[in-house]
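In this note's numbering, the protein residues as written are 6 to 147. Glycine included, C-beta positions come from ideal geometry on N, C-alpha and C. Scroll down for the structure; my scribbles are underneath it.
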Ligand code: FES
């Protein structure tokens, strides 16, 4: 009887692996199977590309392929609703509509959190007066 099972076949992929560099996320580099959807890789690996719908409707996942543009698939009609020909020429794509078949680097505009004001001032609490550093009493050493 042979009872040996091959190791973790569920996580294996027959596809060659590629590298995706998420420039706006500290240049985080992750590996993914060839022909992966860019937004799915970002979600799985915490790449950080912003998104809402995941289906080409909202335009949130707009990103720019900085390197490896030739390793992305054809532009989809849904992308044309959000991006101009000029933007495509500059490397912009919608991550949820883009499949990657080679190494790329991608950047994007960080999204402002609409629930928060653009800048948050730190207010001192009334109970705690602003700390003032007591003057260090240095003795005049001789
Ligand atoms: S996440 Fe909405 S268009 Fe890509």
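Residue 109 sits close to residue 70, with the two beta carbons spaced by under 8 Å. Cβ contact annotation for residue 78 (same chain, cutoff 6 Å, sequence separation greater than five): 104, in chain order.
If only complete runs of 3 or more residues are kept, the region 23-54 shows the beta strand (DSSP E) at 33-38, in order along the chain. By the criterion of a C-beta distance shorter than 8 Å, residue 58 is surrounded in its chain by 65, 101, once the five residues flanking it on both sides are discounted. For residue 67, the uninterrupted beta strand (DSSP E) run begins and ends at 67-72, by DSSP. CA-to-CA, the gap between residue 52 and residue 80 works out to about 22 Å.
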